[in-house]
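Participant: The sequence shown begins at 321 in this note's numbering and counts up one residue at a time.
One structure, as structure tokens, below. Some questions next.
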Amino acid sequence: MATKKTTALLAYLALHPDDPQARPKLAALLWGDHDEAQARDSLRQALSLLRKALSHIYPTALVAQEDTIRLEPAALEIDARVFEELIAEPGVANLERAIGLYRGEFLDGFQVSAPEFESWAAAERQRFRELALEGMAKLLDHHLSAGVIERGIHIATRLLAADPLQERVHRTLMGLYARQGRQGAALRQYRTCAELLSRELGIEPDAQTKTLQRHLLREWNRTQPKASAICSSVPQGAVGWIDQVPDTEGLSRSIPPSVHANAAPGNLPVQATSFLGRDRDVARAGRILSSARLVTLTGPGGIGKTRLALQLAATMRDNYPDGTWLVELAAFDDPNATGHAVADVFGITQQPGKTIEQSVANALAGRSLLLILDNCEHLIDAIAGLAREILSTCPHVSLLATSRETLMVHGERTYPVLPLECGDGIDAPAVELFVERARFVEPHFELNGDADTICEICRRLDGIPLAIELAAARTRAMSPTQIRDRLHERFRLLTSGSRHVLKRHQTLRHAVEWSYDLLSPSEKAVLSRASVFSGGFGLEAAERICSSGDIAAADVLYLLDSLVRKSLLSAKRVGNAVRYSQLETIRQFAEERLAMLGETEVFRGRHAQFFAEDAETHHRIWRSPQQLMAYVWLDQEVDNLRAAFRWASSQDDIDVAARIASRVPSMAVLRVRSEPLNWPTEIVDAARRAGHRRLGALLTYAAKRAWNLGRVQEATLYAEEATALMGNANFDPPVWAFSVLAMIASRQGNAESAVKFARAGAEHPADRRERQCLATLPFYLAMAGAHDEAMAIADDIVDKVAAARTPSSLIAALFSKGRAFSEANPRCALDALEMALAHARTSGNRYWEIVIIPAVAELQVRSGDPVKTLRTLPRMLEIWGQSTEIGLATLTTATLILLFERLGHPTVAATLSGALSQMIPSTSFFQELPDTLARVRDVMGEAAFAEAKRHGAAMAHREMVDYAANQVQHALAARGASNAECR
């Protein structure tokens, strides 16, 4: 249906096929909040849509009279009507058909903004539900009296799905499972019943149900169970309805042999919720468990270790003839009680002269089963001893442990349980979990326009299932946006979990606090101090920042290792080093503890000082042939650099803030990271007042940022102030300011001034270190039309810049040479640009890679083979779309205009020229552009050209990038390149 209200109208008419409905009644039903005229008009539109939809299957289905509307009874088969008729008819066959039709509640999940309709739908929903429950109850009685056990189990299960608090049906199902020889299923059903009654009603199962559960468990512990033994052991008077079931001899003839065989017992609880996002974990951990007898699932609190263990055990139950058994250890505080915890599950008593652990091992020695030891971390030594005893005595018993740290037992295999994936939009497992759990508390919850918000919630909660479930529970009273905006107070927000779970899983704070309280004082100190890091950290940073007082730098490594083993830190190998990180939830908890100790200022200050020094170190590396090393460092540490800069600024530590803000932007610009370019502007006034030595660099980057924002006058003033400091011994010479002035002048259409500034920078002694200004001189000469001079000096400049051994400068020199020779010698230009592109890729200079790729493609068009480079454009455009750097945008857009004109796509070139016109007032900075656009205008005609340009001028940056990417794909498709090749 075209609209929800059209669907609602169809549903209402479908349930009243013999009863013509008055038009005013239908209008009020669905549009009661409109005035009468609007409601009538809306009804007419909905009827038109409905008639159109039904015309394909039954053109005369809708019967519209002047005052009434109805559906032709013969037009449609309406399952709800058939269901009603079958329920009313006598006979088991009719009941079976009716229950088969009842696949869920009436209009389940359907919502429409119409209170009158919703009220009617709710009443109908309840009526149909009561009819279904009544029909299923009749069917269950019939199957019990007829001895059809399998069908009885099916109907009982459906009854409980519709109304899970019917204890008598739970008890019936237990008895039916037992008569099949499925004692494990019978015991699991008891566990489900007990949990539901406790959680929802605050009561225990009645005496009859408890008697049956004890009898079944005792019988299994007495012998190795066989189906016939279990069947004969069920006490007939204890199960209510079960006393109507025929004797087991008759049952044995009606149940297939496969049901009696391999009926593994156990006590795994039936899970009330679906298992999401862990299929790969089940498969991988299952392979490990198949080859190892002790597997420990590790991870922080709330990550889903227990749930994964239960699912894994359920999946592998056929491998264990004597069942899969759960021992819950969270409630045991005494290490001496661990053996008793296992013994209680199996009804084992301690043997004379033996420890309880030895007694358990002896009792299980002849059995083949899987034992889950859940929540071991607080009893780690005792559990390790018990595990060794069982593994050495019981050759066919396997152990699956869940713990926040490993047991350190010989033969143990570990499987770290990671957070749920959050990165695939609404299909991500974390988002699926949020939506499902939200619907538990708000049945009509829909994503609607909140998909991105929910994705952000899941990411900020680190993909921790417990945290996501607690957040989803808040949808009862809060919107996703309100939840997201309060995640900075996550320990106050994420409380009130399900009453049936352990107390430490009822709030996010309890889950983390449980792990924290098990740490030694030194471990607590390092964990709290490590909270000052953002985005991870290396060993050197941890040793410098976290060591203090009783903790020596040499001890930090061992404490970090212990915290990794206890799942409070994670470690990942990056190159030849290891990088540590904390989930944000744990980091915030540790940060609170650091504040409670009154140590925040001390360790935040040490963190800021360390990263100011680190920025100085890596700026020196960046000025060397090892630029890629500096870029890798920047990518890793940008979050720490941000945190350090923000802290220093907030504490008025001008020196630390200025050192970071003057060193990081040069790397960030060429790595296409825009945020660090904001920092100099924030600190430049304070640095000016303090006369800080790095003022010139700060002014230069402030000019660059102002230019990116389109503030030409502000950018010019900053850059001129920077050049005025040249020659002042109190300040480091900001020679790159000349390049900024050259760039501004060229984009303003003043090519001669651009050359003047570029030449002034190239001739200044301060440029002799990296030769950045010298490298761009041929480019500005070429843009000014001085091609002969540009070509004459290009090779010499490339040689001089190469001698400086700074990759970014060499790339700029080769690019400048390429632009200088682009008209007179395209082959020479292409060689220079391809060499520049190779250097850009190997040295990590993303800025230059983005600039050069379309320039290479444009030259290759002239040679007749642009496809190779065109294939690299989509990735380049993707990176470019994340940048707001206007210098990058103007160069790239101008080159794309040339490229598309040469490809024979004038409309695209005209559209991009409109986008370029919003960045700069003149296109003359790129000498070929005016002639190129003149050719485009001639081909298209003035009116079409103007329209395309207007279209481009209206585009936002991201829209323009997406437009260019789509046109690249079209160009490739026209040349026979597949989409797969374009990626």
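The beta-carbon is built from N, C-alpha and C at its ideal position, and this holds for glycine as well.
No experiment lies behind these values; they were computed from the predicted model shown.
Tell me, please, which residues DSSP counts as bridged to aspartate 694.
Facilitator: Here residue 694 corresponds to residue number 374 of the sequence shown, with the count starting at 1. Answer by DSSP bridge pairing, in chain order: Glu648, Thr722.
Participant: Which ranges does the alpha helix (DSSP H) cover as unbroken runs of at least 4 residues, wholly within the segment 916 to 957, from first to last along the chain?
Facilitator: 920 to 942
Participant: Does DSSP put leucine 738 in a helix, in a strand, or in coil?
Facilitator: For the purposes of this step, residue 738 is taken as the residue at position 418 of the sequence shown. Reduced to three states, the DSSP call for leucine 738 is coil.
Participant: Is it buried or exposed, glutamate 752, if we count other Cβ atoms within 10 angstroms and call 16 or more buried?
Facilitator: For this step, residue 752 is matched to residue 432 along the sequence shown. By the neighbour-count rule (16 or more Cβ atoms within 10 Å), glutamate 752 is buried.
Participant: Could you name the residues of the same chain whose beta carbon sits closer than 8 Å to that of lysine 886, not counting the 5 residues immediately before and after it, in chain order?
Facilitator: Along the sequence shown, read from residue 1 onward, the residue named residue 886 stands at position 566. For lysine 886, where only same-chain residues beyond five positions count, the Cβ hits under 8 Å are Glu697, Arg724, Glu725, Ser835, Leu838, Leu839, Glu843.
Participant: Considering only their Cβ atoms, is the gap separating alanine 1177 from alanine 1140 smaller than 9 Å?
Facilitator: If you number the sequence shown from 1, residue 1140 lands on position 820. If you number the sequence shown from 1, residue 1177 lands on position 857. It is not a contact, given that the beta carbons lie outside the stated cut-off.
Participant: Quick check: tyrosine 951 and arginine 991, are their CB atoms within less than 9 Å of each other?
Facilitator: In the sequence shown, the residue the question calls residue 951 occupies position 631. In the sequence shown, the residue the question calls residue 991 occupies position 671. Taking 9 Å as the Cβ cut-off, tyrosine 951 and arginine 991 qualify as a contacting pair.
Participant: Does DSSP put alanine 395 in a helix, in a strand, or in coil?
Facilitator: For this step, residue 395 is matched to residue 75 along the sequence shown. If DSSP states are grouped into helix, strand and coil, alanine 395 belongs with coil.
Participant: Rounding to the nearest angstrom, what Cα-Cα distance links alanine 1065 and alanine 1273 in this structure?
Facilitator: For this step, residue 1065 is matched to residue 745 along the sequence shown. For this step, residue 1273 is matched to residue 953 along the sequence shown. For alanine 1065 and alanine 1273, the distance between alpha carbons rounds to 22 Å.
Participant: Nearest-angstrom Cα distance between phenylalanine 403 and leucine 415?
Facilitator: The residue you call residue 403 lines up with position 83 of the sequence shown. The residue you call residue 415 lines up with position 95 of the sequence shown. A straight-line Cα-Cα distance of about 9 Å links phenylalanine 403 and leucine 415.
Participant: Could you tell me which uninterrupted alpha helix (DSSP H) segments, each at least 4 residues in length, are contained entirely in the segment 1164 to 1239, listed from first to last along the chain?
Facilitator: 1166 to 1183, 1187 to 1190, 1193 to 1200, 1206 to 1223, 1226 to 1237
Participant: Which word fits valine 489, buried or exposed, when buried means at least 16 other C-beta atoms lie within 10 angstroms of its C-beta?
Facilitator: Taking the first residue of the sequence shown as position 1, residue 489 is located at position 169. That one is buried.
Participant: With a CB to CB cut of under 8 Å and the five nearest residues on each side skipped, what residues in its chain are close to arginine 943?
Facilitator: Working through the sequence shown from its first residue, we reach residue 943 at position 623. If we look at arginine 943 and ignore the five residues flanking it on each side, its Cβ neighbours are Arg1089, Glu1090, Thr1126.
Participant: For phenylalanine 652, which residues of its own chain have a beta-carbon under 6 Å away from its beta-carbon, when the five flanking residues on both sides are left out?
Facilitator: As a first step, residue 652 is located in the sequence shown; it is residue number 332 there, counting from the start. Here the set comprises Ala661.
Participant: May I have the straight-line CA-CA distance separating phenylalanine 448 from leucine 406, to the nearest angstrom?
Facilitator: Taking the sequence shown and counting its residues from 1, one reaches residue 448 at position 128. Taking the sequence shown and counting its residues from 1, one reaches residue 406 at position 86. Roughly 12 Å between the two C-alpha positions.
Participant: What does the Cβ neighbour count give for valine 989, buried or exposed, with the cut at 16 atoms within 10 Å?
Facilitator: Stepping through the sequence shown from its first residue, residue 989 is reached at position 669. Valine 989 is classed as buried because its beta carbon has at least 16 other beta carbons within 10 Å across all chains shown.
Participant: Assign alanine 1149 to buried or exposed, taking buried as 16 or more other Cβ atoms, counted over all protein chains shown, within 10 Å of its Cβ.
Facilitator: Counting from one through the sequence shown, the residue named residue 1149 turns up at place 829. When all chains shown are included, alanine 1149 counts as buried.
Participant: Is methionine 1063 a contact residue of the ligand ADP, with contact defined as CB to any heavy atom under 8 Å?
Facilitator: By its list of ligands, the structure shown contains no ligand whatsoever, and the ligand ADP lies outside what it can speak to.
Participant: For the segment 603 to 617 and the segment 729 to 747, state whether three or more C-beta atom pairs, one from each stretch, are separated by less than 8 Å.
Facilitator: yes
Participant: Sort Ile784, Leu711, Val1118, Val1075 by Cα distance to alanine 1102 and report the nearest one.
Facilitator: Indexing the sequence shown from 1 puts residue 1102 at position 782. Looking at the Cα atoms, Val1075 is the closest of the given residues.
Participant: Buried or exposed, going by whether 16 or more other CB atoms sit within 10 Å of the CB of isoleucine 610?
Facilitator: Stepping through the sequence shown from its first residue, residue 610 is reached at position 290. The residue asked about is misnamed: residue 610 is serine in this sequence, not isoleucine. Exposed is the call here.
Participant: Return the first residue and the last residue of the alpha helix (DSSP H) that lysine 892 is part of.
Facilitator: Position 572 of the sequence shown, counting from 1, holds the residue named residue 892. Careful: lysine 892 lies outside any alpha helix (DSSP H), inside the beta strand (DSSP E) at 890 to 894.
Participant: Evaluate contact between the segment 889 to 905 and the segment 774 to 786, counting only Cβ atoms and requiring at least three cross-stretch pairs below 8 Å.
Facilitator: yes
Participant: Write down the C-beta distance between glutamate 444 and phenylalanine 426 rounded to the nearest angstrom, noting that I regard them as a contact closer than 8 Å.
Facilitator: For the purposes of this step, residue 444 is taken as residue 124 along the sequence shown, with counting starting at 1. For the purposes of this step, residue 426 is taken as residue 106 along the sequence shown, with counting starting at 1. Their Cβ separation, rounded to whole angstroms, is 5 Å, which keeps glutamate 444 and phenylalanine 426 in contact under 8 Å.
Participant: Use the C-beta contact count for glutamine 591: other C-beta atoms within 10 angstroms, 16 or more gives buried, fewer gives exposed.
Facilitator: If you number the sequence shown from 1, residue 591 lands on position 271. Exposed is the call here.
Participant: Which class does alanine 978 belong to by DSSP, given the choice of helix, strand or coil?
Facilitator: As a position in the sequence shown, residue 978 is number 658, starting the count at 1. Assignment of alanine 978 by DSSP, reduced to helix, strand and coil, places it in the helix class.
Participant: With threonine 675 as the anchor, note down where its alpha helix (DSSP H) starts and where it stops.
Facilitator: For this step, residue 675 is matched to residue 355 along the sequence shown. Threonine 675 -> no alpha helix (DSSP H), and no H or E assigned at all.
Participant: For isoleucine 419, I'd like the list of residues in its chain whose CB is within less than 8 Å of its CB, leaving aside the five on either flank, ordered along the chain.
Facilitator: Translated into positions along the sequence shown, residue 419 becomes position 99. Closer than 8 Å at Cβ, skipping near neighbours: Ala452, Gly455, Met456, Leu459, Ile475, Arg478.
Participant: Name the DSSP beta bridge partners of serine 688, please?
Facilitator: Locating residue 688 in the sequence shown gives position 368, counting from the first residue. The partner list for serine 688 (beta bridge, DSSP) is empty, contrary to what the question assumes.
Participant: Going along the chain, which residues of its own chain have a beta-carbon closer than 6 Å to the beta-carbon of arginine 417, five neighbours each way excluded?
Facilitator: Along the sequence shown, read from residue 1 onward, the residue named residue 417 stands at position 97. Taken in chain order, the residues that qualify are Leu406.
Participant: Less than 9 Å separating the beta-carbons of serine 362 and alanine 373?
Facilitator: Indexing the sequence shown from 1 puts residue 362 at position 42. Indexing the sequence shown from 1 puts residue 373 at position 53. No, the pair does not count as a contact, with Cβ atoms beyond the cut-off.
Participant: Please return the same chain residues whose Cβ sits closer than 7 Å to the Cβ of leucine 1211, not counting the five positions on each side in sequence.
Facilitator: Translated into the one-based positions of the sequence shown, residue 1211 becomes position 891. Answer for leucine 1211: Val1171, listed in chain order.
Participant: Can you give me the start and stop residues for the beta strand (DSSP E) that valine 615 sits inside?
Facilitator: Numbered from 1 along the sequence shown, position 295 holds the residue referred to as residue 615. For valine 615, the uninterrupted beta strand (DSSP E) run begins and ends at 614 to 618, by DSSP.
Participant: Please report the Cβ distance between alanine 1304 and lysine 325, rounded to the nearest whole angstrom; I am assuming they are in contact, meaning their Cβ atoms lie under 8 Å.
Facilitator: Coverage of the chain is limited to positions 321 through 1303, which leaves residue 1304 absent and any answer about it impossible.
Participant: Would you mind working out which of Ser688, Thr722, Gln678, Ser465 sits nearest arginine 708, comparing C-alpha positions?
Facilitator: The residue you call residue 708 lines up with position 388 of the sequence shown. Nearest to arginine 708 by C-alpha distance, out of Ser688, Thr722, Gln678, Ser465, is Gln678.
Participant: For a quick check, are the C-beta atoms of arginine 598 and leucine 740 less than 9 Å apart?
Facilitator: In the sequence shown, counting from the first residue as 1, residue 598 sits at position 278. In the sequence shown, counting from the first residue as 1, residue 740 sits at position 420. The answer is yes: Cβ separation under 9 Å.
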